[in-house]
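Participant: Below you will find the structure I want to go over with you.
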Amino acid sequence: MNIQRWISRREPNWQRLEALLRQVEKKGLKSLQAAQIKDLASLYRSISADLARARTQQLGDTLIQNLQSLTTRAYTQIYQGSRRQEWDAVLNFYRWGLPTVIQKTFPYIAFATALFMLGALVAWWYAWQDPSFMSLIVPESLITRVRDRRELWMGSIVGIEPLASSNIMTNNLSVSFAAVAGGMTAGLYTAFLMVFNGLMIGAIGTLVGQNNLAYPFWGFVFPHGSLELPAIFFAGGAGFLLAKAILFPGKYRRADALKFYGSQAVQLVFAIVPMLIIAGIIEGFISPNPLVPTPFKYLFGMGLFVFLVAYCIRRKKG
16 MNIQRWISRR
26 EPNWQRLEAL
36 LRQVEKKGLK
46 SLQAAQIKDL
56 ASLYRSISAD
66 LARARTQQLG
76 DTLIQNLQSL
86 TTRAYTQIYQ
96 GSRRQEWDAV
106 LNFYRWGLPT
116 VIQKTFPYIA
126 FATALFMLGA
136 LVAWWYAWQD
146 PSFMSLIVPE
156 SLITRVRDRR
166 ELWMGSIVGI
176 EPLASSNIMT
186 NNLSVSFAAV
196 AGGMTAGLYT
206 AFLMVFNGLM
216 IGAIGTLVGQ
226 NNLAYPFWGF
236 VFPHGSLELP
246 AIFFAGGAGF
256 LLAKAILFPG
266 KYRRADALKF
276 YGSQAVQLVF
286 AIVPMLIIAG
296 IIEGFISPNP
306 LVPTPFKYLF
316 GMGLFVFLVA
326 YCIRRKKG
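See the structure below:
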């Protein structure tokens, strides 16, 4: 191989890559146009091959070091820049994309919320009218503890907060994923979960109200419930989106409807998971903590809910 001829033929590519790298290192990958980014990747692959040839032919330490430096810098900018763009895309989704999805799918979320509230209202009404109704919904051990011993059950979490928090997260996530997957039953199982959970909270709320324990009970519920309940409603909405695709695909073929509405359901899951993780931490460490004043728990829960609503209704300007 004629070394000088090979170097003179390849050197313009090295200089071109050097110029692109200087621009990227100074102004960032976003300063390049699409064609330049494609050129950067192509030059990186080409000069990596040059480096391999230079090492094989033992063309000199200086040349090898220069090519090594170019390829290392190019690798760093291409792959770290790609990762930065991926993180930017994730952050942009949570900043603007997710609120937009929530707004678009609000009718389904509202329907899930309405079923939950209906269940709660039915349980409240029948529990006040017929004491035997309570035992159909609430475990007998819980009824006995509240009615006979006049105490709540949240103190059992104190002392085992990490384990309790982990168990709470796991349980809430399993219920939420079941609500989402329930959409594949034409929404029947999703509707059942919404109504059943509403019946449960309505019956328990009535039980503690009848025994003058409503204030500490709702003080326990407010901090984590401000995220946990909306997350369950989002899960119900995601399930009803899948049911919509199955039952009423409209202008789409059913398979295409499942892709379209399924995509929206998946995006709602990206809201549900972090909400339930945060709610689980709060329920494990703050909600049952006797050192945290009950008025603060109410204020904390209400503040968190206001923040969530403000996030969900935000719109990108322009």
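The working numbering applies: residue 16 is where the sequence shown begins, and numbers increase by one. Idealized CB from N, CA, C, for every residue including glycine.
(1) Let me know the secondary structure DSSP gives Asn107 once reduced to three states.
(2) State the CB to CB distance for the pair Leu262 and Ala201, rounded to an integer number of angstroms; the pair is presumed to be in contact (CB under 8 angstroms).
(3) Counting only beta-carbon atoms, is Gly316 nearer than 9 angstroms to chain B?
(4) I need the straight-line Cα distance from Ile79 to Ser46, nearest angstrom please.
(5) Straight-line CA distance for Asp271 to Gly277?
(6) Kindly provide the ranges of any alpha helix (DSSP H) runs that are 4 or more residues long and lie completely inside the stretch 261-327, ordered along the chain.
(7) Express the C-alpha separation of Ile117 and Ile52 in angstroms, rounding to a whole number.
(8) On the three-state DSSP scale, how would you describe Arg330?
(9) Would you mind working out which of Lys266, Met132, Ala142, Pro154 sits nearest Phe207, comparing C-alpha positions?
(10) In chain order, what residues of the same chain have a beta carbon less than 6 angstroms from the beta carbon of Lys259, not counting five sequence neighbours either side?
(11) Could you tell me the alpha carbon to alpha carbon distance between Ile219 and Asn107, rounded to whole angstroms?
(12) If you draw a straight line from the alpha carbon of Thr77 to that of Lys42, how long is it in whole angstroms?
(13) Where do the N-terminal and C-terminal ends of the alpha helix (DSSP H) with Gln73 fall, by residue?
(14) Looking at the unbroken alpha helix (DSSP H) that takes in Trp5, where does it start and where does it end?
(15) Pull up the distance between the alpha-carbon of Gln95 and that of Ala56, whole angstroms please.
(16) Nearest to Thr86 by CA position, among Ala64, Leu74, Gly75, Gln72, is which residue?
(17) What is the C-beta distance between Ser241 and Leu323, in whole angstroms, given that I count them as a contact (C-beta under 8 angstroms)?
(18) Within 10 angstroms of the Cβ of Met184, are there 16 or more other Cβ atoms? Answer buried if so, exposed if not.
(19) Assuming Met215 contacts Ile152 (C-beta within less than 8 angstroms), just tell me the rounded distance between them.
(20) Are Arg329 and Pro114 close, meaning C-beta to C-beta below 9 angstroms?
Facilitator: On the basis of the data shown:
(1) The residue given as residue 107 occupies position 92 in the sequence shown. In the structure shown, Asn107 sits in a helix (DSSP, three-state: H, G or I).
(2) In the sequence shown, the residue the question calls residue 262 occupies position 247. In the sequence shown, the residue the question calls residue 201 occupies position 186. Between Ala201 and Leu262 the Cβ distance is about 6 angstroms, and since that is below 8 angstroms, they are a contact.
(3) As a matter of chain content, chain B is missing from the structure shown, which is built from one protein chain.
(4) Here residue 79 refers to the residue found at position 64 when the sequence shown is read from its first residue. Here residue 46 refers to the residue found at position 31 when the sequence shown is read from its first residue. In a straight line, the C-alpha of Ile79 is about 29 angstroms away from that of Ser46.
(5) Working through the sequence shown from its first residue, we reach residue 271 at position 256. Working through the sequence shown from its first residue, we reach residue 277 at position 262. Going by the C-alpha atoms only, they are around 9 angstroms apart.
(6) If we require 4 residues or more, the alpha helix (DSSP H) runs fully inside the stretch 261-327 come out as 269-300, 309-327.
(7) Within the sequence shown, numbered from 1, the residue matching residue 52 stands at position 37. Within the sequence shown, numbered from 1, the residue matching residue 117 stands at position 102. Going by C-alpha positions, Ile52 is about 34 angstroms away from Ile117.
(8) Working through the sequence shown from its first residue, we reach residue 330 at position 315. In this structure, Arg330 counts as coil in the three-state DSSP scheme.
(9) Counting from one through the sequence shown, the residue named residue 207 turns up at place 192. Among Lys266, Met132, Ala142, Pro154, the Cα nearest to that of Phe207 belongs to Met132.
(10) The residue given as residue 259 occupies position 244 in the sequence shown. The beta carbon of Lys259 lies closer than 6 angstroms to those of Tyr276 in the same chain, with the five residues before and after it left out.
(11) Numbered from its first residue, the sequence shown carries residue 219 at position 204. Numbered from its first residue, the sequence shown carries residue 107 at position 92. Between Ile219 and Asn107, the C-alpha separation is close to 40 angstroms.
(12) The sequence position of residue 77 within the sequence shown is 62, counting from 1. The sequence position of residue 42 within the sequence shown is 27, counting from 1. If you take the alpha carbons of Thr77 and Lys42, they lie about 28 angstroms apart.
(13) Taking the first residue of the sequence shown as 1, we reach residue 73 at position 58. Here Gln73 belongs to no alpha helix (DSSP H), and DSSP marks it neither H nor E.
(14) Outside the displayed span of the chain (16 to 333) sits residue 5, for which this structure offers no information.
(15) Walking along the sequence shown from the start, residue 95 turns up at place 80. Walking along the sequence shown from the start, residue 56 turns up at place 41. Gln95 and Ala56: Cα-Cα distance of roughly 13 angstroms.
(16) As a first step, residue 86 must be located in the sequence shown, where it is residue number 71. Measuring from the Cα of Thr86, the nearest candidate turns out to be Ala64.
(17) Indexing the sequence shown from 1 puts residue 241 at position 226. Indexing the sequence shown from 1 puts residue 323 at position 308. Indeed they touch by this definition, with Cβ atoms about 7 angstroms apart.
(18) Translated into the one-based positions of the sequence shown, residue 184 becomes position 169. With 16 or more Cβ atoms within 10 Å of its Cβ, Met184 is classed as buried.
(19) Position 200 of the sequence shown, counted from the first residue, corresponds to residue 215. Position 137 of the sequence shown, counted from the first residue, corresponds to residue 152. Rounded to the nearest angstrom, the Cβ distance from Met215 to Ile152 is 6 angstroms, consistent with a contact under 8 angstroms.
(20) If you number the sequence shown from 1, residue 329 lands on position 314. If you number the sequence shown from 1, residue 114 lands on position 99. Yes; because the gap between Cβ atoms is below 9 angstroms, this pair is in contact.
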